[in-house]
Amino acid sequence: MAEQAGVAPSAQSVGESLMAKLAQLQRVDAVSRLLRPHYPDDSVCGPLASAVVAEVGRARTFDRFACRLVDADGPSASLAELPLRVLHRLFLAARSGPPAAAPPGVDAPVVSFDSLRRARTTLDDFSKFYLPLHGLAQVDFFRWLPQLTFVEAAIYQLDQDNEELARRGRREAEAAGPTEAALRAVLEGEGLLLPEVEAELAAGREYWALERRLCAAMLRRPVGSEEDRREPVGWGEVLEASSLKSFDYRLRAFLRVDEVLTDVADDLFDYEKDVAQNSFNVLRGAVHAFGEEAPLRLAAEIGRLEREHEAALQALPEGQRAAYCRCRADAMARRPRSGKWVFPRVLLPAQEEAHRAALLRGGGLEGGGGSDSDSPSS
Numbered sequence: 259m260a261e262q263a264g265v266a267p268s269a270q271s272v273g274e275s276l277m278a279k280l281a282q283l284q285r286v287d288a289v290s291r292l293l294r295p296h297y298p299d300d301s302v303c304g305p306l307a308s309a310v311v312a313e314v315g316r317a318r319t320f321d322r323f324a325c326r327l328v329d330a331d332g333p334s335a336s337l338a339e340l341p342l343r344v345l346h347r348l349f350l351a352a353r354s355g356p357p358a359a360a361p362p363g364v365d366a367p368v369v370s371f372d373s374l375r376r377a378r379t380t381l382d383d384f385s386k387f388y389l390p391l392h393g394l395a396q397v398d399f400f401r402w403l404p405q406l407t408f409v410e411a412a413i414y415q416l417d418q419d420n421e422e423l424a425r426r427g428r429r430e431a432e433a434a435g436p437t438e439a440a441l442r443a444v445l446e447g448e449g450l451l452l453p454e455v456e457a458e459l460a461a462g463r464e465y466w467a468l469e470r471r472l473c474a475a476m477l478r479r480p481v482g483s484e485e486d487r488r489e490p491v492g493w494g495e496v497l498e499a500s501s502l503k504s505f506d507y508r509l510r511a512f513l514r515v516d517e518v519l520t521d522v523a524d525d526l527f528d529y530e531k532d533v534a535q536n537s538f539n540v541l542r543g544a545v546h547a548f549g550e551e552a553p554l555r556l557a558a559e560i561g562r563l564e565r566e567h568e569a570a571l572q573a574l575p576e577g578q579r580a581a582y583c584r585c586r587a588d589a590m591a592r593r594p595r596s597g598k599w600v601f602p603r604v605l606l607p608a609q610e611e612a613h614r615a616a617l618l619r620g621g622g623l624e625g626g627g628g629s630d631s632d633s634p635s636s
């Protein structure tokens, strides 16, 4: 009995739990009284009051609460039609008692300036490229500016942390840190942690694991050595990593193959830098898998992707297809190197270490480093 008593909840904790439940019921009751003149049916008023209290707990401020009501679906959507003074009274009634704790990431410093800088190009693409495909104007971007900026910067921060592990040849990931916790908490608090988003975040973790494994193998396998025979770099894994690389774009659902082709173009542009920093790069992986035949093998894969891309493009509705073509033309005008496949001179695995050493002697290689292309993991 003594052991059981040792693990049982204390009287104080039970009392605190009961008081918290009572306070919650009091808030729901207060909101119900304010709603009843507008929703006399108890079967509607009661659930709506509970929803308001829960929504206010997530929103934390009145302006966020009001914005969330504008975007709400279902019964809660009707609340947006109430006068602003009524909404403010509902907010105050639902907030009686201690404020809800802020989710991690709302106040904690979890992203660096460099991750924000690297997110710039992705956010620019989103506002200029993705919004028109959905019939939205660029001004609509600002409606979701805080969420988009934080999520993309957090993903770049996680990517940058993983790049540092890969650069050192580390295979195992470190325990989830504050950035990942903040990302998930903010997505959940905004009602955006949907199964589809969970799946893409899982794809990101899979990509980072592949990146670490491939970069460790490419860093440590001298050609012809016992390790080379024991642990070859497989072309299948290289292509899988390349296909997963833009998982953050897939949170915004577009032509998958278009993003893969964009990443391949970025990898060709960043090839020597990625070799120097021991980062994942699809051309580098091809060289480790095929040697001097790598450009031909990768060119064949690019051809296959372009055929798949054309088929996917033709399957789009006419309006979206026209919007895509306009946006692509604008993007190519802004980026002169886009639209052309230019292969750099490849470095065979045995030449990589000398390349790094030469850059170190010349002061051209620094740890961490940003990306020339500002694309994820490049």
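Going by the working numbering, the sequence shown opens with residue 259, and the numbers climb by one from there. Backbone N, C-alpha and C fix where the C-beta goes; we use that ideal spot for every residue, glycine too.
Return yes when the Cβ of A424 is within less than 9 angstroms of the Cβ of R470, no when it is not. yes
May I ask you to report which of helix, strand or coil DSSP gives E611? helix
A534: first and last residue of the uninterrupted alpha helix (DSSP H) it sits in: Y529 to A534
Bounding residues of the alpha helix (DSSP H) (the contiguous stretch that carries Y414): Y414 -> alpha helix (DSSP H) spans L403 to R425.
Could you pull out every residue in the same chain whose Cβ sits closer than 8 angstroms to the Cβ of G449, ignoring the five residues on either side in sequence? R316 and R326
Nearest-angstrom Cβ-Cβ length linking F505 and E456, presumed shorter than 8 angstroms: In fact, because the Cβ distance is near 12 angstroms, the residues do not count as touching under 8 angstroms.
Give a yes or no on whether 9 angstroms exceeds the smallest Cβ distance from S373 to chain D. The structure shown contains no chain D, having only a single protein chain.
Have a look at Y388 and V310 and give me their C-alpha separation to the nearest angstrom. 33 angstroms
Between the alpha carbons of S301 and L451, how many angstroms are there, rounded? 29 angstroms
For A213, which residues from the same chain have a beta carbon less than 8 angstroms from its beta carbon, with the 5 sequence-adjacent residues on both sides left out? The structure shown does not extend to residue 213, since the chain is modelled only from 259 through 636, so no value can be given for it.
A457: first and last residue of the uninterrupted alpha helix (DSSP H) it sits in: It spans P453 to R478 - the alpha helix (DSSP H) in which A457 sits, taken as one unbroken run.
Taking three-plus beta-carbon pairs below 8 angstroms as touching, is the region 517 to 535 in contact with the region 573 to 585? no
With distances taken Cα to Cα, identify the nearest neighbour of A288 among E313, R353 and L337. Ranking E313, R353 and L337 by Cα distance to A288 puts R353 first.
Where does L381 fall in DSSP's three states? helix
Suppose the cutoff is 6 angstroms on Cβ atoms and the five residues either side in sequence are ignored; what does the same chain contact list for R378 look like? Correct list: empty, nothing qualifies.
Within 10 angstroms of the Cβ of K503, are there 16 or more other Cβ atoms? Answer buried if so, exposed if not. buried
Would A440 and A412 qualify as a contact pair, given that the criterion is a beta-carbon distance under 9 angstroms? With a cutoff of 9 angstroms on beta-carbon distance, A440 and A412 are scored as near each other.
In this structure, how does DSSP classify A431 when only helix, strand and coil are distinguished? coil
Skipping 5 residues on each side, what residues in its chain have a beta carbon closer than 6 angstroms to that of V369? A411, A412 and Q415
Collapsed DSSP secondary structure at R294 in the structure displayed: Three-state result, R294: coil.
Inter-residue CB distance, V518 and S501 (contact presumed, cutoff 8 angstroms): 6 angstroms
Quick check: what's the CA-CA separation for G543 versus D524? 14 angstroms
So, is F400 buried or exposed, given that buried needs 16 or more other C-beta atoms within 10 angstroms? exposed
Among W493, P305 and V515, the one whose alpha carbon lies nearest that of E222: Any property of residue 222 remains undetermined from this structure, which presents the chain solely from 259 to 636.
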